[in-house]
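Protein chains in written order, with my numbering: chain A, 10 to 298; chain B, 15 to 424.
Idealized CB from N, CA, C, for every residue including glycine.
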Amino acid sequence: MHLSILFPAIVNGVLTGALYALIALGLTLVYGVLHIINFAHGTLLTAALFAAFFMHKMLGVDPYLAVLLLAPAFFAFGYGLQRFVIGPASHGNDGNILLVTLGLAVIIENAMLFAFRADTRTIDVPYGFAVVPFAGMFISVPRLVGFGAAVVVALLMWLLLNLTDTGKAIRAVAKEKLGAQLCGIDVAHVYAMTFGIGTACVAIAACLLIPTYYVNPHVGNAFVLIAFTTVVLGGMGSIPGALLGGLFVGVVESLCGLYLGESLGQIGIFLMFILVLLFRPSGLLGERA
Amino acid sequence: MPNNKKCFSRRKFLKSTALTAAAASGMIAAPSIVRAQGGSVKIGFLQPVSGALAYSGAQGRLGASLAVDEINAAGGIKAVGKIEPVLGDAQSTPDGGSAEVEKMNSAGVSAIVGGYASNICLATTQTAARYDLPYLVDVGVTDTIVTRGLKNTFRFGPGFGLIAKTALANLVAINEKAGKPAKTVMIVHEDSAFGSGLAKLLNAQLPPQGFEVLETIPHPTPTRDFNNVVLKIQAANPDIVVPANYYNEYVLLARTMQQQKVRPKAAIYSVLGGAASSYKFVKEFPEAAQFIMDCNHWFDPRNAKAQALKKKVEGQGQFFTYEVYLNYSATLLLADAIERAKSSDRAGIIEALSNSTFAGHIMPYGPTKFIDGQNQGAVPANTQVVGNDIEVILPEAFASAKPVYPMPRT
C-alpha cells in the first residue's frame, strides 16, 4: 500500500530535512567544534522566527529579503551573548555553559511568552503555496528555496572553516585551546565568532521557515531536539555530516508520518537517535574519537 | 575590592526595581476593586483567545460582548442590574481553562459562558461543578460534556452525536438524489476529543449506509504540514473526503489539496469543519473553499435579528462565524435565566436554566428546552460554498440553494 506515494513522500522529507540541516549547521559548529552544549539554540530560532514574522507583518519586508538584515543582526546578538554572558558566566567550566544556556533559553522563551502570548501566528506570502511540477508531482517553491539555501550555507560554512584564517582559528581552538592561545589566537573572540555564526545560521533558517511554518514562543523546542539528533547522526562538528543528517532525519520523519500517522511521525527520529548512539556513536561522517 | 562594590550596588538596584514593580502591579490591580461596586451581576466569559484556537476564541468573545453591550445598553438584566463581564483566556488547553474557572470563581461570577473546544469544556465544566457554578457551553460538541450528570452544565448547541447523525442522513440523501455517485470515504480528523470522537462515530455509522471508509487519518493540533495526508488521499482516491478539525488545520488541508491538485470525485464533505462554513475562509481562499460542503452550526437566516447582527458584525470588519452567533445567543439565554431567577444566586440560575423556554436567540432551534443539560431543539445545518458565498442546502425549510453534487472537476 502507498507505494505510489513513496517517492513524493521521500522528496518532501528531503526538502523538510534541508531546513533541519540548516538549523543543525549552526549547532554542529557550536556544539560539535567548541563543545558548547547550547540549549538556547531552539529559543534563538524562535526569536528569529518572531523577528522575521514582525518584519513582514509590520514593515512588509519579505522573509527572503529579511535574511540580509536578520543574519548580521543575529550574528551580532550571538557574538554578544557568548562574549558578554555565556563566556563570563561559565568561568571556563564546560558544565556551567550548559546551565547558562539552559537558563538563557528559559529566560528568552518566557520573555517571548510574556511579550507575544502563546498565540500561533503565520504569515501569508504570495508564493507560500506556489508549486513547480516535477516528475508527476508538485513541489512547493518555498521548500525548494529552503533546500537550495541549506546547500549554499553548508558550502559557505565549509569554505569558511577550511580556507579562511577565522576558520583555521576556530579549528585550532577546537583542537587545542591552550595551544591556540599560545600562538596568539584570541580564544574568547573565536568562541564568540563561532557562536555568532551559529546564531546567524538560525536566523537564515527562520527566514526560510516562516513562509510555510508558524511561530509561537515554544516552537523552537521541537527543532532543538531534531537538531541535536542531526548533529549526532551526522557526526559532531562535521559540516557535510550535518547536511546529510538533516536530510536523513527529514526523510525518516516523512516516512514515519506516512506509515505511522501524523501523530507518531517524530517517533522514528528519536528511535534513530538511540540507535546511532548505540551502534555508531561518532556519527555517519564524524571522526572516530 | 571594586567587584564587591559593584555587587552591592546591583543588589540595591534589584531591590529598588522590585519595589517599583510591586507598586506598579498594585496600581494596575486597583481598578477592578473600584469596578466591583454597584448593582450588577458578574458573568465569566471563557474563550481560548491565545494559543492554537486563538481565532475562534476571539470570535466567541466578540459574540458574547455584542450580547452584553446590547443587554447593558437596554439597562441591564431586570431586577439584577448590568452585566459585568469577567473575561478569561483558556490558552487553548484544558488546564488553562480550568485555571481560569478557578479565578472566575474567586472573582465571584454567577455563571460562565464559553469554553469553545470539547476538551476545554470537559475540564472547565467539571471544575465549575465543584463550586455549583452554572456553566453554559457555547460550542464544545463532545456528547460526554452533558452525559456525566453535572447539574451545573448546560449546552445550547447540538452535540456531535446528533450532528454526525444529521450529517450522515443528509449525505445519504444528497448522494441518493444524485444517483449514488459516491461509495468510498476518507476521514481526516484532529486527534483530541472532538475529532477522534467524531471519527469513531462516522466509522461505525457510515458502513451500514453503504459507504466504505478507506482510511481514517488523525493529526495533532497544530499541524503545519499536510503533504503526507494529501499524498494518502491522492493514493486512496476516495469519492468523498470528510475533514473534522479546527480552523487553521482545515484551511491548510484544503490549501494543500488545492496545491497538490487533489480533488475527491464527489465532495469534500466536512462534519463540523473548522473553516468550511466560515466567511473568513471563503473570502481569503475562495478557490480552495469552492464547493466544500459542511454540516455545522448555522444561524437562522429567516430571523431578522440574526440578519441585523450579521450586518453589524460585518460592518465592524469582522466575519460572522458560528462562534459569534452561538456565544451571542448563549449570552442572551443566560441573561434571560438570570432575569427569571431574579438574583445572581447560582442555584437559582441553575434552576432557571433547567426550566428555560427562551426563544429570543438567533438559531433555528425554537424555544430552548434542556433535558440533562442538553438543549433538545439544537440542530445543525448543511452548507456549501458556492462562488463567494456560503449557501444553506439543508434543511429545506430555510435552504437558499440546491446542492452542487458531485462537485465539478476543474
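How many Å lie between residue i and residue j at the Cα?
i                      : j                      : result
residue 211 of chain A : residue 202 of chain A : 14 angstroms
residue 88 of chain B  : residue 104 of chain B : 30 angstroms
residue 36 of chain A  : residue 288 of chain A : 22 angstroms
residue 235 of chain B : residue 200 of chain B : 19 angstroms
residue 191 of chain B : residue 285 of chain A : 58 angstroms
residue 56 of chain A  : residue 274 of chain A : 26 angstroms
residue 217 of chain B : residue 182 of chain B : 11 angstroms
residue 420 of chain B : residue 322 of chain B : 34 angstroms
residue 154 of chain B : residue 133 of chain B : 8 angstroms
residue 94 of chain B  : residue 86 of chain B  : 11 angstroms
residue 360 of chain B : residue 383 of chain B : 19 angstroms
residue 233 of chain B : residue 113 of chain B : 27 angstroms
residue 49 of chain B  : residue 118 of chain B : Confidence at residue 49 of chain B is low in this model, with a pLDDT of 39, below 50, so its placement is unreliable and the value that follows should be read with caution. Cα to Cα, residue 49 of chain B sits roughly 15 angstroms from residue 118 of chain B.
residue 251 of chain B : residue 400 of chain B : 24 angstroms
residue 37 of chain B  : residue 121 of chain B : For residue 37 of chain B, the pLDDT reaches just 44, beneath the cut-off of 50, and the residue's location in the model is therefore unreliable, leaving the point undetermined.
residue 302 of chain B : residue 138 of chain A : 11 angstroms
residue 138 of chain B : residue 110 of chain B : 9 angstroms
Which residues in the same chain have their Cβ closer than 8 angstroms to the Cβ of residue i, if we skip the five residues on either side of it in sequence?
i                      : result
residue 166 of chain A : 34, 38, 206, 210, 248
residue 332 of chain B : 73, 76, 338
residue 64 of chain B  : 71, 103, 105, 106
residue 39 of chain B  : In this prediction, residue 39 of chain B scores a pLDDT of 43, lower than 50, which makes its location untrustworthy; no coordinate-derived value is stated.
residue 66 of chain B  : 106, 235, 236, 260, 262
residue 11 of chain B  : In the structure displayed, chain B extends from 15 to 424; residue 11 of chain B sits before or after that span and is not available.
How should residue i be labelled, buried or exposed, when 16 other C-beta atoms within 10 angstroms of its C-beta is the threshold for buried?
i                      : result
residue 277 of chain B : buried
residue 68 of chain A  : exposed
residue 318 of chain B : exposed
residue 61 of chain B  : buried
residue 106 of chain A : buried
residue 297 of chain B : exposed
residue 141 of chain A : exposed
residue 265 of chain B : buried
residue 135 of chain B : buried
residue 119 of chain A : exposed
Comparing alpha-carbon positions, which option in the options lies nearest residue i?
i                      : options                    : result
residue 77 of chain B  : B:229, B:404, B:191, B:130 : B:130
residue 418 of chain B : B:372, B:298, B:304, B:388 : B:304
residue 61 of chain A  : A:134, A:95, A:126         : A:134
residue 210 of chain B : A:272, A:183, A:87, A:113  : A:272
residue 334 of chain B : B:153, B:285, B:294, B:272 : B:294
residue 291 of chain B : B:94, B:404, B:180, B:416  : B:404
residue 326 of chain B : B:260, B:254, B:83         : B:83
residue 227 of chain B : B:385, B:165, B:214        : B:214
residue 174 of chain B : B:394, B:409, B:122, B:402 : B:394
residue 68 of chain B  : A:125, A:151, A:108, A:111 : A:125
residue 222 of chain B : B:152, B:406, B:198        : B:198
residue 136 of chain A : A:231, A:15, A:204, A:220  : A:220
residue 423 of chain B : B:279, B:328, B:288        : B:279
residue 22 of chain A  : A:94, A:128, A:263         : A:263
residue 84 of chain A  : A:213, A:225, A:223, A:277 : A:213
residue 244 of chain A : A:267, A:277, A:290, A:180 : A:290
For a test of the three-state rule: what should DSSP assign to residue i, helix, strand or coil?
i                      : result
residue 360 of chain B : helix
residue 233 of chain A : helix
residue 160 of chain B : helix
residue 169 of chain B : strand
residue 265 of chain A : helix
residue 286 of chain B : coil
residue 279 of chain B : coil
residue 73 of chain B  : helix
residue 417 of chain B : coil
residue 200 of chain B : strand
residue 397 of chain B : strand
residue 143 of chain A : strand
residue 377 of chain B : coil
residue 103 of chain B : strand
residue 92 of chain A  : helix
To which residues of the same chain is residue i closer than 6 angstroms at the C-beta, ignoring the five residues directly before and after it?
i                      : result
residue 98 of chain B  : 54, 56
residue 52 of chain B  : Confidence at residue 52 of chain B is low in this model, with a pLDDT of 49, below 50, so the placement of that residue is unreliable and no value is reported for it.
residue 316 of chain B : 412
residue 52 of chain A  : 114, 117, 118, 229
residue 356 of chain B : 93
Which same chain residues, not among the five before or five after residue i, have their C-beta less than 7 angstroms away from its C-beta?
i                      : result
residue 216 of chain A : 61, 72, 73, 75, 76, 79
residue 239 of chain A : 29, 30, 33, 251, 254, 255, 258
residue 16 of chain B  : Below a pLDDT of 50, predicted positions are generally treated as unreliable, and residue 16 of chain B, at 41, falls in that range; no measurement from the model is reported.
residue 19 of chain B  : The predicted model places residue 19 of chain B with a pLDDT of 42, which falls under 50 and marks its position as unreliable; any figure quoted below should be read in that light. Taken in chain order, the list of residues that qualify is empty.
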